[in-house]
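Below is one structure, written out as structure tokens; comments come after it.
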Amino acid sequence: MLAPWGRLGLALGGITVIAIVALSWRASRNAAPWRRATLIGLRTGAAVTALVVFLEPTVELRQVAREPNRIAILIDDSKSMGLAEQPNEPTRIERVRDMLAASRDTLAAWEKDHRVDYYTFSETVSATSLAAFTTQATTRGAQGKATLVRKALEYVRSRYEGRDLAGIVLISDGASTGGFTEDSGDGAVRDFLRTLDTRVHTVSAARDGLKDIAVAKVMADEFAFVRTVVRIDAVIRTTGLPARQVPVTLSTDGQPLRQKLVDIPGGNREVTVTFEVTPPRVGRYVYEVSVPVVPGEAVQSNNSRSFVIRVIRDKIRVLQVAGQPSWDVRALRQMLKSNPNVDLISFFILRTQDDVSLVPNDEMSLIPFPTRELFEQQLPSFDLIILQNFEYLPYGIGDYLENIRSYVEGGGGLAMLGGSASFSSGGYYGTPVAAALPVELYGPFDPGAVLDNQKFAPALTEAGLLHPVTALRYSADDNKTMWKGLPLLEGVNLIASAKQDAVVLATHPKLKTKGGKPMPVIVAGDYGKGRSLAVTSDTLWRWGFVAAARPGDDGRQYTKFWENSMRWLIQDPDLRNLHVDSDAVEYIPNAPVRVAVRLLGRDYQPLANGAVKLVVKRGVDPASAEVVAEASLKVGDDGTAVHELPGLQPGVYRVEGHATIGGRQVDANDIFLVREGGTELDRPLGDKATLEAIARATNGDALGAIDRLPSRLAFDPPRIVRVDRRTDIELWSRPGLLLLVITLLGLEWLLRQRSGYL
Numbered sequence: 000m001l002a003p004w005g006r007l008g009l010a011l012g013g014i015t016v017i018a019i020v021a022l023s024w025r026a027s028r029n030a031a032p033w034r035r036a037t038l039i040g041l042r043t044g045a046a047v048t049a050l051v052v053f054l055e056p057t058v059e060l061r062q063v064a065r066e067p068n069r070i071a072i073l074i075d076d077s078k079s080m081g082l083a084e085q086p087n088e089p090t091r092i093e094r095v096r097d098m099l100a101a102s103r104d105t106l107a108a109w110e111k112d113h114r115v116d117y118y119t120f121s122e123t124v125s126a127t128s129l130a131a132f133t134t135q136a137t138t139r140g141a142q143g144k145a146t147l148v149r150k151a152l153e154y155v156r157s158r159y160e161g162r163d164l165a166g167i168v169l170i171s172d173g174a175s176t177g178g179f180t181e182d183s184g185d186g187a188v189r190d191f192l193r194t195l196d197t198r199v200h201t202v203s204a205a206r207d208g209l210k211d212i213a214v215a216k217v218m219a220d221e222f223a224f225v226r227t228v229v230r231i232d233a234v235i236r237t238t239g240l241p242a243r244q245v246p247v248t249l250s251t252d253g254q255p256l257r258q259k260l261v262d263i264p265g266g267n268r269e270v271t272v273t274f275e276v277t278p279p280r281v282g283r284y285v286y287e288v289s290v291p292v293v294p295g296e297a298v299q300s301n302n303s304r305s306f307v308i309r310v311i312r313d314k315i316r317v318l319q320v321a322g323q324p325s326w327d328v329r330a331l332r333q334m335l336k337s338n339p340n341v342d343l344i345s346f347f348i349l350r351t352q353d354d355v356s357l358v359p360n361d362e363m364s365l366i367p368f369p370t371r372e373l374f375e376q377q378l379p380s381f382d383l384i385i386l387q388n389f390e391y392l393p394y395g396i397g398d399y400l401e402n403i404r405s406y407v408e409g410g411g412g413l414a415m416l417g418g419s420a421s422f423s424s425g426g427y428y429g430t431p432v433a434a435a436l437p438v439e440l441y442g443p444f445d446p447g448a449v450l451d452n453q454k455f456a457p458a459l460t461e462a463g464l465l466h467p468v469t470a471l472r473y474s475a476d477d478n479k480t481m482w483k484g485l486p487l488l489e490g491v492n493l494i495a496s497a498k499q500d501a502v503v504l505a506t507h508p509k510l511k512t513k514g515g516k517p518m519p520v521i522v523a524g525d526y527g528k529g530r531s532l533a534v535t536s537d538t539l540w541r542w543g544f545v546a547a548a549r550p551g552d553d554g555r556q557y558t559k560f561w562e563n564s565m566r567w568l569i570q571d572p573d574l575r576n577l578h579v580d581s582d583a584v585e586y587i588p589n590a591p592v593r594v595a596v597r598l599l600g601r602d603y604q605p606l607a608n609g610a611v612k613l614v615v616k617r618g619v620d621p622a623s624a625e626v627v628a629e630a631s632l633k634v635g636d637d638g639t640a641v642h643e644l645p646g647l648q649p650g651v652y653r654v655e656g657h658a659t660i661g662g663r664q665v666d667a668n669d670i671f672l673v674r675e676g677g678t679e680l681d682r683p684l685g686d687k688a689t690l691e692a693i694a695r696a697t698n699g700d701a702l703g704a705i706d707r708l709p710s711r712l713a714f715d716p717p718r719i720v721r722v723d724r725r726t727d728i729e730l731w732s733r734p735g736l737l738l739l740v741i742t743l744l745g746l747e748w749l750l751r752q753r754s755g756y757l
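As structure tokens, then:
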């Protein structure tokens, strides 16, 4: 209608017509029926015709054509699509390429009624063309790091928002890594698929026959306590393999720690393997669980899995074994028991085989010495062993000395104190324990005495002025003065010499070794991964007891010495002048790694403007790790600096820091892991169930593994039309309508006149 009054005019006109008809009905109530009907009909026809002219109706003629809607073909190009189920067979993405090439007729038929758009997807979605995809599949293959099916479907749906989408063809192996599993027909995922409001037809790019063995999962606590058993559970998954025995290896630093032979049933199975290890020291450890590669295996990168455990210390667990009670034993035991950070296990020999007993042994309250329990079963649980004037031979410990040596070599701490039953006097020459000590002992047939009972004041060496064990004061000068003021010691065990790689911290002012050098009194050294300390006197207690009796002296020097010694022996990370720490233990590829450096001086105060060299190495085995980066840093006034490492690829990384403090080189290191990004190849087997569930939830077809797309797939027909030409025909502007109104009204007037109703 062209009239400006629109619906209001139509309503008023309709009411007017009804009123006119009603009045005609009322006025002709006395007329004959045929005459009454004729009058009402003429009046109604005239009113309706007048209404048509009043409303100005128009007929619109359109020439239209339907707009083709869209078919979206989504092609998975994640890394799993680059796998081949069998050697010398095409990869999954090559198979998709060949399938699309064989489906050119089908695609051409679809394009008659639809427009076909192509997309590739992995962790992102990219628009492409058939020609571009063919080139990609031939030259670059599949490189995506994830299979995010849901994200791809969401992207396509949003891209065609407000446009006509005929349907989606999803081509994938179904190995989704975005939480889109075989439960695709249930719950929230099902609701999401319904919101797509279009059919999704699925094509499986995977085939049967894939073989793989993988470390699917490792379950271990992120934190562990030093010298406490840690449980590690590893899930081994096999795909398409017959029943077999598989060696599963737990390694660290490229060296195997444990290995187990595991029976795995045939088919697609999972088996859990449990390892137990005892971390020997505080710090970060990178462990690796691995299985060997089997012939014809599709994926080799999932045959191992690395993980990081942070090892911390709850308490310092100390084993003190004393040959007999003495002032020195009492002082050390009291100091250890008063330290809340020490868990002390102390044993004293109160009755020797030479003592005369007046009663049978079974009537005595003393317990037998727990040799096997201490030196075999519980030995790895200790952080430090102190042998104090202890002769091993009478107590059957000779067979366990190798355990003590191995304990130190593996990272434990050992301290031997002087006395009439220590060092050479205790028969330790030539024993495994002697190998772990930092001093050379006199043999049983060497001439000369092995004990000296003179009083003396030990003299600090140049190394002793700087060493953490003998640092009773921060300043070297104050430390030297402090040592000169200590009470005299009484008696010393004579030794042949300090070992070549040991550090002599204090010497006797008069006595000499066989080589003519000052007789060592306090000697520190490394043995394997552990440390040992030799104190050749049993009268250090005088530094506490005698010193405390002097005016202005609190006797703290004895406690300070042993606190320093314990921290050094257990390799306390805080007792370092240089600290190198990454801001995390695990990273994803190409993520920035921030390495914090802290440099302290000899007094453990920040060393302003100090120079630190960083060396970054990549590799599981420290001996063969390759250098990937180096940097020279200058710390600030607070002794700290931060260095950022960009663009690191997956692997185990070690950061080594080197600095010089007071002419002495100090080192520190840290370790971190850059893990493979995503879990794309963790489960390489194709998942047909997921594809079938997606198709079922969207009323699509699950086509499975096919070589050619079928031409008769159900797609929604085009719903949008395009107007090519439009013509308006004005019905009201015809002269015949006005003539018709006049004629009808004239006929009614004539009929009324003849009937006498005017």
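Going left to right, the sequence shown walks through residues 0 to 757 as numbering that gives the first Met the number 0 numbers them.
Using N, Cα and C, we set each Cβ at its ideal position, and we do this for glycine too.
Just curious, the alpha helix (DSSP H) that N478 is in, first and last residue? Counted from its first residue, the sequence shown places residue 478 at position 479. Here the alpha helix (DSSP H) through N478 covers A475 to K483.
Please classify T123 as buried or exposed, where buried requires at least 16 other C-beta atoms within 10 Å of its C-beta. As a working note, residue 123 is residue 124 in the sequence shown. By the neighbour-count rule (16 or more Cβ atoms within 10 Å), T123 is not buried but exposed.
For Y394, the nearest candidate out of F374, S157, T742 and E408 (CA to CA): Mapped onto the sequence shown, residue 394 falls at position 395. Among F374, S157, T742 and E408, the Cα nearest to that of Y394 is on F374.
Compute the beta-carbon to beta-carbon distance between Q319 and R329, rounded to the nearest angstrom, for a pair I have assumed lies under 8 Å. In the sequence shown, residue 319 corresponds to position 320, counting from 1. In the sequence shown, residue 329 corresponds to position 330, counting from 1. Not confirmed; about 11 Å, so no contact.
Measuring alpha carbon to alpha carbon, tell me which of G650, A495, G661 and M218 ends up nearest H466. To locate residue 466, count along the sequence shown from 1; it is residue 467. That would be G661, whose Cα lies nearest to the Cα of H466.
Can you check whether the CB of A151 is closer than 8 Å to the CB of I92? Working through the sequence shown from its first residue, we reach residue 92 at position 93. Working through the sequence shown from its first residue, we reach residue 151 at position 152. No; because the gap between Cβ atoms is not below 8 Å, this pair is not in contact.
In or out: V228 buried (at least 16 other Cβ within 10 Å) or exposed? Residue numbering aside, residue 228 sits at position 229 when the sequence shown is read from its first letter. By the 10 Å Cβ count, V228 comes out exposed.
Mapping DSSP to helix, strand and coil, what is F771? Here the chain comprises residues numbered 0 to 757, so residue 771 is not present and cannot be evaluated.
Spatial neighbours of S128 within its chain, please: CB distance less than 8 Å, with the 5 preceding and 5 following residues excluded, ordered by chain position. Looking up residue 128 in the sequence shown gives position 129. Y117, listed in sequence order.
Would P359 be called buried (16 or more neighbouring beta carbons within 10 Å of its own) or exposed? For this step, residue 359 is matched to residue 360 along the sequence shown. Here the model assigns P359 a pLDDT of 49, short of 50, so the residue's position is not dependable and the matter cannot be decided.
What are the uninterrupted segments assigned as beta strand (DSSP E) that are 3 or more residues long and contained completely in the stretch 618 to 683, given in chain order? 625 to 633, 639 to 644, 650 to 660 and 663 to 673
Would you mind sorting S356 into buried or exposed? The rule is 16 or more other CB atoms within 10 Å of its CB. On the sequence shown, residue 356 is found 357 positions in, with the first residue counted as 1. Any reading at S356 needs caution, since the residue's pLDDT is 45, under 50, leaving its predicted position unreliable; the model's value is listed next. Its Cβ having fewer than 16 others within 10 Å, S356 is exposed.
Output the distance between the C-alpha atoms of N267 and I315, rounded to the nearest integer angstrom. On the sequence shown, residue 267 is found 268 positions in, with the first residue counted as 1. On the sequence shown, residue 315 is found 316 positions in, with the first residue counted as 1. Cα-Cα distance, rounded: 47 Å.
Supposed close pair A595, V641 - CB separation, criterion 8 Å: Within the sequence shown, numbered from 1, the residue matching residue 595 stands at position 596. Within the sequence shown, numbered from 1, the residue matching residue 641 stands at position 642. That pair is a contact at about 5 Å.
Check this for me: beta carbons of L400 and P431, under 8 Å apart or not? Translated into positions along the sequence shown, residue 400 becomes position 401. Translated into positions along the sequence shown, residue 431 becomes position 432. Yes.
Nearest-angstrom Cα separation, counted from D313 out to M334: For this step, residue 334 is matched to residue 335 along the sequence shown. For this step, residue 313 is matched to residue 314 along the sequence shown. When rounded, the distance between both Cα atoms is 19 Å.
Proximal residues to D706 (C-beta, below 7 Å), its chain only, five neighbours per side dropped: Start at 1 with the first residue of the sequence shown, and residue 706 comes out as number 707. Result list for D706: M98 and A101, in chain order.
Which residues DSSP lists as bridging I311, in chain order: Taking the first residue of the sequence shown as 1, we reach residue 311 at position 312. According to DSSP, which records beta bridges pairwise, I311 is partnered with F224.
Whose C-beta lies closer than 7 Å to the C-beta of L378 among residues of the same chain, with five residues either side of it excluded? Residue mapping note: residue 378 aligns to position 379 of the sequence shown, counting from 1. Within the same chain, L378 has close Cβ partners N402 and Y406.
Let's see if you can read the secondary structure: which residues bound the alpha helix (DSSP H) around F120? Taking the sequence shown and counting its residues from 1, one reaches residue 120 at position 121. Looking at the DSSP string, F120 is not in any alpha helix (DSSP H); the run it does join, the beta strand (DSSP E), is H113 to F120.
Any idea what DSSP makes of L79, helix, strand or coil? Reading the sequence shown from its first residue, position 80 is the one you call residue 79. Note on residue identity: the sequence assigns Ser, not Leu, to residue 79. Residue state, collapsed to three classes: helix.
Mapping DSSP to helix, strand and coil, what is Q254? Here residue 254 corresponds to residue number 255 of the sequence shown, with the count starting at 1. It is a strand residue.
Return the residue from the list D163, R189, I17 and A107 that minimises the CA-CA distance to A692. For the purposes of this step, residue 692 is taken as the residue at position 693 of the sequence shown. Here the closest residue by C-alpha is R189.
Pair every Cβ in the stretch 605 to 618 with every Cβ in the stretch 652 to 668, then say whether three or more of these pairs are closer than 8 Å. yes
Taking only the alpha-carbon atoms, compute the straight-line gap between V502 and G282 and give it to the nearest angstrom. Here residue 502 refers to the residue found at position 503 of the sequence shown. Here residue 282 refers to the residue found at position 283 of the sequence shown. Near 25 Å, if we compare the C-alpha coordinates of G282 and V502.
Please report the distance separating the alpha-carbon of P762 from that of T201. Examination of residue 762 is not possible in this model, given that the chain is present from 0 through 757 alone.
Residues in the same chain with beta-carbon distance under 8 Å from R103, minus the five sequence neighbours each way, listed in chain order, please. The residue given as residue 103 occupies position 104 in the sequence shown. Correct list: empty, nothing qualifies.
For P393, does the three-state DSSP call read helix, strand or coil? The residue given as residue 393 occupies position 394 in the sequence shown. The answer is helix: DSSP assigns P393 an H, G or I state.
Nearest-angstrom beta carbon gap, G173 and T689 [assumed within contact, 8 Å]: Sequence index remark: in the sequence shown, residue 689 carries index 690 (1-based). Sequence index remark: in the sequence shown, residue 173 carries index 174 (1-based). That belief holds up - the Cβ atoms of T689 and G173 are roughly 4 Å apart, short of 8 Å.
Count Cβ pairs between the stretch 706 to 715 and the stretch 104 to 113 that sit closer than 8 Å; are there 3 or more? yes
Residues in the same chain with beta-carbon distance under 6 Å from G410, minus the five sequence neighbours each way, listed in chain order, please. Counting from one through the sequence shown, the residue named residue 410 turns up at place 411. Correct list, in chain order: P279, R280, K528 and G529.
DSSP bridge partner residues for D525 (one or two, in chain order): Position 526 of the sequence shown, counted from the start, is the residue given in the question as residue 525. R530.
Count the CB pairs spanning the stretch 501 to 520 and the stretch 538 to 549 that are closer than 8 Å, and state whether there are at least three. no
With burial defined as no fewer than 16 other Cβ atoms inside 10 Å of the residue's Cβ, what is the status of F222: buried or exposed? Taking the sequence shown and counting its residues from 1, the one referred to as residue 222 is at position 223. So F222 ends up on the exposed side.
Go to E269, then tell me how far its beta strand (DSSP E) extends in each direction, as first and last residue. Indexing the sequence shown from 1 puts residue 269 at position 270. Looking at the DSSP string, the run of the beta strand (DSSP E) that includes E269 is G266 to V276.
State the start and end residues of the unbroken beta strand (DSSP E) segment that holds P508. Residue 508 sits at position 509 when you count from the first residue of the sequence shown. First-last of the beta strand (DSSP E) with P508: V502 to K511.
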